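Student: The listed protein sequences derive, respectively, from chains A and B. Sequential numbering of the first sequence, starting at 12, is according to the numbering used here. Sequential numbering of the second sequence, starting at 610, is according to the numbering used here. Sharing a structure with you now.
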Amino acid sequence: MGLILSLLVQGIQMVLVVALSPLLVSIVRKVKSRLTRRQGAPLIQPYRDLVRLMRKDVVLADNASWLFRVIPYLVFAATWVAAALIPTFATGLQFSWTADLIAIVALLGSARFFLALAGMDVGTSFGGIGSSREMMIASMAEPAMMLIVFSLALIAGSTQLSTVVQFMASPQVGLRVSLGMALVALVIVALVENARIPVDNPATHLELTMVHEAMVLEYSGRHLAMIELSSALKLLLYVSLIGCIFVPWGIADSGAGLGAYVIGAVAYLAKLGVAGLLLAIFETSIAKMRVFRVPNFVGIALMLALLGTLLRFVSRSL
Amino acid sequence: MTAVELATLISAALLALGPCAVLAGHRPWVSGAVYSISSALCVGIAALGAAGLFTRTLDSSVALPLGLPWIGSHFQLDALSAFFLVILGIGGSVVSLYGIGYGRHEHDPLRVLAFYPPFLGAMALVLLAADAFTFLMSWEVMSLLSWALVLTHHQKEDTRTAGYVYLVMAGFGAMALLLAFGLLAGSGGLYGFEVMRGVQRTPLMAAVILGLMLLGAGSKAGLAPLHVWLPLAHPAAPSHVSALMSGVMTKVALYGFIRVIFDLLGPSAWWASPAVIILGSLTAVLGILLAMMERDLKRALAYSTIENIGVIFAALGLAMAFRANGMTAAAALAFTAALFHIFNHMVFKSLLFMGAGSVLTATGTRDLDGLGGLIHRMPVTSFVVLVGALAISALPPLNGFASEWLLFQAVLMSPAIPQDALQLMIPAAGGLLALAAALAAAAFVRIYGVGFLGRARSEAARTAVEVDRFSLTAMAVLAGLCVLAGVLPGMVIDAISPVARAVLGGQLPVQGNEAWFKIVPIAEARSSYSGMLVLLFVAFSASGAAWAVHRLASHRVRRSAAWDCGFPDANPITQYSASGFAQPLRRVLGADILGAHESVWMPAPGDKSPARLTVTVDDPIWRTVYSPIGTTVFYVATRMNGLQFLTIRRYLSLVFLVLIVLLVGLMLWA
Chain A
12 MGLILSLLVQ
22 GIQMVLVVAL
32 SPLLVSIVRK
42 VKSRLTRRQG
52 APLIQPYRDL
62 VRLMRKDVVL
72 ADNASWLFRV
82 IPYLVFAATW
92 VAAALIPTFA
102 TGLQFSWTAD
112 LIAIVALLGS
122 ARFFLALAGM
132 DVGTSFGGIG
142 SSREMMIASM
152 AEPAMMLIVF
162 SLALIAGSTQ
172 LSTVVQFMAS
182 PQVGLRVSLG
192 MALVALVIVA
202 LVENARIPVD
212 NPATHLELTM
222 VHEAMVLEYS
232 GRHLAMIELS
242 SALKLLLYVS
252 LIGCIFVPWG
262 IADSGAGLGA
272 YVIGAVAYLA
282 KLGVAGLLLA
292 IFETSIAKMR
302 VFRVPNFVGI
312 ALMLALLGTL
322 LRFVSRSL
Chain B
610 MTAVELATLI
620 SAALLALGPC
630 AVLAGHRPWV
640 SGAVYSISSA
650 LCVGIAALGA
660 AGLFTRTLDS
670 SVALPLGLPW
680 IGSHFQLDAL
690 SAFFLVILGI
700 GGSVVSLYGI
710 GYGRHEHDPL
720 RVLAFYPPFL
730 GAMALVLLAA
740 DAFTFLMSWE
750 VMSLLSWALV
760 LTHHQKEDTR
770 TAGYVYLVMA
780 GFGAMALLLA
790 FGLLAGSGGL
800 YGFEVMRGVQ
810 RTPLMAAVIL
820 GLMLLGAGSK
830 AGLAPLHVWL
840 PLAHPAAPSH
850 VSALMSGVMT
860 KVALYGFIRV
870 IFDLLGPSAW
880 WASPAVIILG
890 SLTAVLGILL
900 AMMERDLKRA
910 LAYSTIENIG
920 VIFAALGLAM
930 AFRANGMTAA
940 AALAFTAALF
950 HIFNHMVFKS
960 LLFMGAGSVL
970 TATGTRDLDG
980 LGGLIHRMPV
990 TSFVVLVGAL
1000 AISALPPLNG
1010 FASEWLLFQA
1020 VLMSPAIPQD
1030 ALQLMIPAAG
1040 GLLALAAALA
1050 AAAFVRIYGV
1060 GFLGRARSEA
1070 ARTAVEVDRF
1080 SLTAMAVLAG
1090 LCVLAGVLPG
1100 MVIDAISPVA
1110 RAVLGGQLPV
1120 QGNEAWFKIV
1130 PIAEARSSYS
1140 GMLVLLFVAF
1150 SASGAAWAVH
1160 RLASHRVRRS
1170 AAWDCGFPDA
1180 NPITQYSASG
1190 FAQPLRRVLG
1200 ADILGAHESV
1210 WMPAPGDKSP
1220 ARLTVTVDDP
1230 IWRTVYSPIG
1240 TTVFYVATRM
1250 NGLQFLTIRR
1260 YLSLVFLVLI
1270 VLLVGLMLWA
């Protein structure tokens, strides 16, 4: 009975992340529209877009290989599994031991590897430009992320996300310099990884500085829907990650009752709303960078994460 | 007959197989027969090693009346040797299987066959040697045979240069090893490994031996700054020999390092370990950056070997740091990560070199910018190379990630180290290793995306055909191992544990109890990873999503011209090239680390000649270390040339002068 129940909770989490991710995207879009004095599309619009794309035919380039057709599902699956392993409303779910934080980061790396290959598959110049820039940015962002993981793991004494969250929710964590640096670094990495302004603009096409959109330019129909859904999932994943580590309040412990789960879910929804709001305000108030400025931007995250890791030893008493 | 006698016998058979091939001459069946026999003998070696690891029938030794008459040759099979025999056996047998097919394309097969089996045999003898003389002798034979194999295509100027540089570096490395063993000698100048273990050494002496081993074994393995021969020599050899050199011979060099530093030398002081950690992590970053910039497929793979060797050395350095502080469990973790990565690198690097060999057979070119679209023409090769590329990029759920994960877990053990310097340095080194891993993914997206995907950039790539079944089988076996070791890392860790126990006196917790598909290096609450579940989850979600979408929404496909924002260009040259793909990283990291720069030459107004963009990237080590040394040696040699044309009177006075100087020196010394 206990096993079935915990499997059920894990299942709810898996469905929840997929179901909520387009909503997060639409919250961000809506707030951005309102901030620029536009009406904005209704909150349900991303769901409609996905359904419409799914129903359309796929138009494949003549020389697209089997890999090109498989990759959307692989990318979606890798992102989904990673997102489902991050605590949203409760910690210590049935399969939370499958992969720790390092493995989750690497799983996202797998998704990116495949997506970059897809950009190269048809053999167009736009695909190539997207892939090469994506890998350039990733090769800075991934070590930054890994150093953030290091500093969190060194503070919490574990890379297991549930354990980290329980530690961060406990009163013994206190205010630490390293954590502040890790938070700023993680926010930068999240912006970079999700191709948000100022790194990339998710709303444009045909811009020479585009990265993510250039890679997936050849996709259409259901393939494009899977790609869009996985990028929405990735945004949700990073918001959940920041939420569960730095704002762990309200999150239910493993095996807590139904009431705790409901409180956790409500708290999670509130976190998503606030995160979407903040992201929209940030994106509206800043301009996009030149692509060769991006390494400096990510470099800040890298340095902050490294400093955070080192300061963990220096300011042990804090 | 004991295991060690059998292993020595197999090595002898391999050594004898070379001359037999020469005697058999240019008959058509010789090539296939030699590779088949080599493959079978290597299976025997792997089986002996595995039997040693799993059934614990270890520590048998044998003394043969060979070599120096009053010493003889000693051979021993212990856990460490057994593990590396497994590496050699698997690598050798699969590569030989590949050779059955690949060897048919060789113009002058005897040029390879005469040296190939003895090369395998010499490597086995290095692993079995139990005294310094036998070890060095086998090591030199291994070096010379691989040198002869590098020179297979000696008609090419590049190959001759590579062979020359390799010979110089191998000689230098052997000299360092000779000195190291000289310092290791036991009481009464005895050179058996058993005697060396018992000697007490001062920390300074231990550090000197460590430095000499870093020079000797490091130069063979490809540790920066002694790596410069590797990207020249490994690609110059025929591809299956490249696979052996990168996949297996570098591991034999690492065996030498581990044998001396962890076994013979005994525990060293903590301040000796940072050098290894720093050298290893810097090597990793430098190697993979150079791989990112390289256009030649095989040379890019050779540079990636340097990266992996760096990762392994960093892990070994961590193990040294933990051991020096008596943290046996953490040392076992880092040591297991190193050995696991040694196994993994043997698997995927051999696979990738064989893939490169297949591409070379099919298209005749190693230049990435002359390839493209091979996934349509060579589907099986493309698939197995994709598996290898994913594995070497340390992506879950394949094997490269499992060892990388263990390494990061070892990095996170650093707070328990008492020395502040190490506490600060180890996470920073971990950051460098993460950078190297991320760059590896970029490098392999580039190699695979430019070489195998997209549209064919040359006629040869457009008309390429799939290679023979032997080659495909060999590559498929290794691709299968990549998946297996990634999904069941616990079994590999359990296989390594006898080695960790024998060398360090500690091991990781046994992984193979109730949940045999997950690994827990320290404690459940601290970290755990299950490659099996990750694979299952990804496979289920991907196929489930695909099924649902096809069933509920749409499954139709229309083929059409590429979209490319409305301006597709039919010319394949408009695709991103290998150099173009590397450009962003060349600008961001290459300019500072490699001194890469671009210069544009514009024609004068009215001049109709095309503008030119010149990109220069080279190895900074070659520029700053080796070129000056070469220049100096050449200068001195030119000056000394005058000494060749003296009269007999002057020669006699020179001899007299030298005698006086030596005598005075002796007087002052004593």
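All C-beta atoms in this analysis are idealised placements derived from N, C-alpha and C, irrespective of residue type, glycine included. Since the model is a prediction, treat every value here as computed from it, not as a measurement.
(1) For a contact defined as C-beta to C-beta under 9 Å, what are the partners of I984/B on chain A?
(2) Using C-beta distances below 6 Å, list every residue in its chain close to W748/B, excluding the 5 sequence neighbours before and after it, in chain order.
(3) Kindly indicate the opening and closing residues of the alpha helix (DSSP H) around E239/A.
(4) Quick one: grab the DSSP three-state call for L71/A.
(5) Buried or exposed for P33/A, going by 16 or more other Cβ atoms inside 10 Å?
(6) Counting Cβ pairs, one atom from each stretch, are 3 or more of them under 8 Å apart for the stretch 119 to 129 of chain A and the stretch 267 to 276 of chain A?
(7) Just to make sure I have the definition right: I need the residues of chain B whose C-beta is within less than 8 Å of the C-beta of W108/A. Which are they?
(8) Would L104/A and S17/A be called neighbours here (beta carbons separated by less than 8 Å)?
(9) If you reduce the DSSP assignment to three classes, tell me which class L673/B lands in.
(10) Quick one: does W679/B have its CB under 8 Å from some CB of chain A?
(11) So that I know if they touch, is there some Cβ in chain A lying closer than 8 Å to that of F781/B?
(12) Closest by CA to Q84/A, which one among F161/A, L61/A, A236/A?
(13) Spell out whether any CB of chain A is found under 8 Å from the CB atom of E1123/B.
(14) Within 10 angstroms of its Cβ, does Y775/B collect 16 or more other Cβ (buried), or is it exposed?
(15) If I measure Cβ to Cβ from Q56/A and keep anything under 7 Å in the same chain, skipping five residues before and after, which residues do I get?
(16) Can you check which of these residues, R1248/B, L895/B, S1150/B, F957/B, is closest to L835/B by C-alpha distance?
(17) Answer with buried or exposed for F1265/B, where buried requires no fewer than 16 other C-beta atoms within 10 angstroms of its C-beta.
(18) Is S669/B near L675/B, with beta carbons less than 8 Å apart?
(19) Which class does T1183/B belong to by DSSP, given the choice of helix, strand or coil?
(20) Does the stretch 1072 to 1084 of chain B come into contact with the stretch 961 to 980 of chain B, if we say contact requires no fewer than three beta-carbon pairs (one atom in each stretch) closer than 8 Å?
(21) Within the same chain, show all residues whose beta-carbon is closer than 8 Å to that of L329/A, passing over the 5 residues directly before and after it, in chain order.
(22) Looking at the structure shown, is A659/B part of a helix, part of a strand, or coil, going by DSSP?
(23) Does the Cβ of D111/A have 16 or more other Cβ atoms within 10 Å, making it buried, or fewer, making it exposed?
(24) If you draw a straight line from the alpha carbon of L686/B to that of L650/B, how long is it in whole angstroms?
(25) Residues in the same chain with beta-carbon distance under 7 Å from I709/B, minus the five sequence neighbours each way, listed in chain order, please.
(26) Does any CB atom of chain B fall closer than 8 Å to the CB of T320/A?
(27) Relative to chain B, which residues along the stretch 107 to 126 of chain A have a C-beta separation below 7 Å, given in chain order?
(28) Measuring CB to CB, does A291/A end up less than 8 Å from L46/A?
(29) For G801/B, does the three-state DSSP call read helix, strand or coil?
(30) Counting only the same chain and skipping the five closest in sequence on each side, list residues whose C-beta sits under 6 Å from that of F684/B.
(31) Compute the Euclidean distance between the alpha carbons of H1303/B and V1224/B, then round it to the nearest angstrom.
(32) Rounded to the nearest angstrom, what separates Q1253/B and S1236/B at their Cα positions?
(33) Kindly list the residues whose CB is nearer than 6 Å to the CB of V39/A, restricted to its own chain and excluding five residues on each side of it in sequence; keep chain order.
(34) Taking all protein chains shown into account, decide if T109/A is buried (16 or more other Cβ within 10 angstroms of its Cβ) or exposed.
(35) If distances are taken between C-alpha atoms only, which option among G791/B, G797/B, L793/B, V721/B comes closest to L760/B?
(36) Using beta carbons (cut-off 8 Å, strictly below), is R1196/B in contact with chain A?
Tutor: According to the structure shown:
(1) S76, W77, L78, D132
(2) V735
(3) 232 to 257
(4) strand
(5) buried
(6) no
(7) K1127, E1133, S1137, S1139
(8) yes
(9) strand
(10) no
(11) no
(12) Per the sequence shown, residue 84/A should be read as Tyr rather than Gln. The candidate whose alpha carbon is nearest that of Y84/A is A236/A.
(13) Reliability of the predicted coordinates at E1123/B is poor, the pLDDT of 49 falling under 50, and no value is obtained from them.
(14) buried
(15) S37
(16) L895/B
(17) exposed
(18) no
(19) helix
(20) yes
(21) Low confidence applies to L329/A: its pLDDT is 45, below 50, so where it sits in the model is not reliable, and the reading given next is rough at best. Here the set comprises G185, L186, R187, V188.
(22) helix
(23) buried
(24) 17 Å
(25) G641, Y644, S645, F1079
(26) yes
(27) W108, T109, A110, D111, I113, A114, A117, L118, G120, S121, F124
(28) yes
(29) strand
(30) V613, T617, V671, L737, A739
(31) Any property of residue 1303/B remains undetermined from this structure, which presents chain B solely from 610 to 1279.
(32) 26 Å
(33) G287, L290, A291
(34) buried
(35) V721/B
(36) yes
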